[in-house]
Amino acid sequence: MTLDHQSRERTQKKQLTVSLCMIARDEQEWLPRCLESVRGHVDEIILVDTGSEDQTIPVARAFGAQVHRHPWEQDFSRHRNQSLSYASGDWILILDADEEIFSEDAARIRTAIQETSRDYLFLQGYDMDRNGAVRGVFNQIRLFRNRMGVHYEGRIHNQLRVRGQGEVTRLRFKHHGYDLAPEKMEEKHRRTTSLLREKIREEPDNALCRMQLSTSYSLHADYEEAVEEGMQAIRLLQAGGDRDPHFATAFFNVAHGHFMLGRLDKAEEMCLAGLRHFDKDLNAYHFLAALYLRKQEWKKCREAALKYIEVRSLFEEDPGLMAGIYFGSFGKQHEVYFALASALFMEKDYEGAEGFFRRAFEEEGQRQDRAIRISRFYLAHSMLEKALSWFETAYHLGCRDLALLQELAHHLRHQGNASGALSSPTV
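If you want it as structure tokens, here you go:
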């Protein structure tokens, strides 16, 4: 048994402590929710403030945080590492001000570090929209042992460099920061792209920065730029023989850009290339289901949708398979179910189609707009009874779509069933 292992065993016999380490600037809006989520579950809060002009510092101190002021140096990793340097706990937890631990998981933080023999732990991040719906899911190292040389690198999208062995947990946190007001999102985009372009000028062969810039352009709907930077990343990746699954995002950015610019064949080509790079890219299967739905290639649409369902199920069983990739498609089962239902219908599996239309409706929270879309689908294919049934569902949810009702009545009268049309709900 090594001395390091003996030391770790002795450490695990005591109650281990946790330091929450953060950096922040002008985060008074988000910070209270973040700190409340870990109240009583961490032993100290370290906050490096990089120049707040609002109430961030008083808010942090009200929660008992140690606040250390450091002027902003255009380098996220530098400030992350400053926060780590002040931590005295056995373990370090990383959160941003616009994040929070799931309430049912907070008490499990201490259990997780007490029971593990590993050196760092992955948590599951849930990217939320302002309505509380999940936009995307990803795994990230957020808990690690202190005093092991762990540090951040990278000026913009800071990358954690760890030692030892890790473990994927089911501890979860929410991230709210990508669903801001338009002016704040624009400010965030300008800051991120400016820093990335500066880094690329210094290191033109940095494939990771190229991919990150491609993502930033894609989120900003600058699709030509997203394609260009994504292709640069892919060329650098292939020249170096890098098979890191994380770079599947570069292929997806290029495919998505082509799709949004109407270049469907190029979009398909790049998406399939991405799957050859990483065959569990959930985003790619979601994308292909939508692409083949638009192209009316029903067999391929069905196959892509079923593959999405299969891979998503694998991720739920073993989050470690997600390979650190951000899956914006994780919460979009309803879209895949709708595509699959459409494909099954066109293949004359009407019972299967109705089943997946129903699943799409239920998964999306029984929204009237989904019921209307299903009703219109059936109406377009002269399945009037089904169309009317789904309109009734929408009606009971508050729909008063006179145009759709009139279309239904017109088609039913054309079949000589006007009485049936008018016995349905009226508006």
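Heads up: the sequence shown begins at -11 in the numbering used here, then just goes up one per residue. Built from N, CA and C at the ideal position, the CB exists for glycine as well. For clarity, every value in this text was computed on a predicted model and none was experimentally measured.
Exercise. Is Gly154 near Leu83, with beta carbons less than 9 Å apart?
Worked result: no
For this session: Would you mind stating whether Leu390 and Ile360 have Cβ atoms separated by less than 9 Å?
Result: no
For this session: Could you tell me whether the region 102 to 117 touches the region 137 to 155, using the rule of 3 or more Cβ pairs below 8 Å?
Result: yes
Exercise. Could you give the uninterrupted runs of the beta strand (DSSP E) lying entirely in the region 376 to 407, keeping only those of 3 residues or more?
Worked result: none
For this session: Starting from the Cα of Phe427, find the closest Cα among Arg198, Glu24 and Val299 and give me that residue.
Result: This structure cannot settle anything about residue 427, because the visible part of the chain is limited to -11 through 415.
For this session: Determine the direct distance from the alpha carbon of Ala375 to that of Leu396, and round the result to whole angstroms.
Result: 8 Å
For this session: Return the CA-CA distance between Leu168 and His322, expressed in angstroms with no decimal places.
Result: 24 Å
Exercise. Which word fits Thr99, buried or exposed, when buried means at least 16 other C-beta atoms lie within 10 angstroms of its C-beta?
Worked result: exposed
Exercise. Does the pairing of the region 238 to 250 with the region 204 to 221 give three or more beta-carbon distances under 8 Å?
Worked result: yes
For this session: Examine the Cβ distances between the region 55 to 71 and the region 33 to 46 and report whether three or more of them are shorter than 8 Å.
Result: yes
Exercise. Which residues in the same chain as His234 place their Cβ atom closer than 7 Å to its Cβ, once the five residues preceding and following it in sequence are excluded?
Worked result: Ala311, Gly312 and Ile313
For this session: Return helix, strand or coil for Ser425, following the three-state DSSP convention.
Result: Because the chain here runs from -11 to 415, residue 425 falls outside it and cannot be looked at.
Exercise. Taking the alpha carbon of Ala50 as the point to measure from, which residue in Gly218, His208 and Ile33 has its own alpha carbon closest?
Worked result: Ile33
Exercise. Between which two residues does the alpha helix (DSSP H) harbouring Met199 extend?
Worked result: Ala195 to Leu207
Exercise. Can you name the start and end residues of the beta strand (DSSP E) that Leu35 belongs to?
Worked result: Glu32 to Asp37
Problem set entry | Residue(s) in a DSSP beta bridge with Arg149 | His139
For this session: With DSSP as the reference, label Glu155 as helix, strand or coil.
Result: strand
Problem set entry | Bridge partner(s) assigned by DSSP for Pro114 | Looking at the sequence itself, residue 114 is Tyr, so the reference to Pro does not match. Tyr114 pairs with Val125 and Lys162.
Exercise. Does the distance from the C-beta atom of Glu256 to that of Leu224 stay below 9 Å?
Worked result: no
Exercise. If you run the structure through DSSP and keep just helix, strand and coil, what is Leu8?
Worked result: strand
For this session: Would you mind working out which of Trp18, Ser73 and Thr157 sits nearest Leu309, comparing C-alpha positions?
Result: Thr157
For this session: Look at the alpha carbon of Ser377 and the alpha carbon of Ser363, and state the distance between them as a whole number of angstroms.
Result: 8 Å
Problem set entry | Of the listed residues Asp230, Leu201, Asp232 and Leu207, nearest to Arg218 (C-alpha basis) | Checking the displayed sequence, the identity of residue 218 turns out to be Gly instead of Arg. Of Asp230, Leu201, Asp232 and Leu207, the residue nearest in Cα terms is Leu201.
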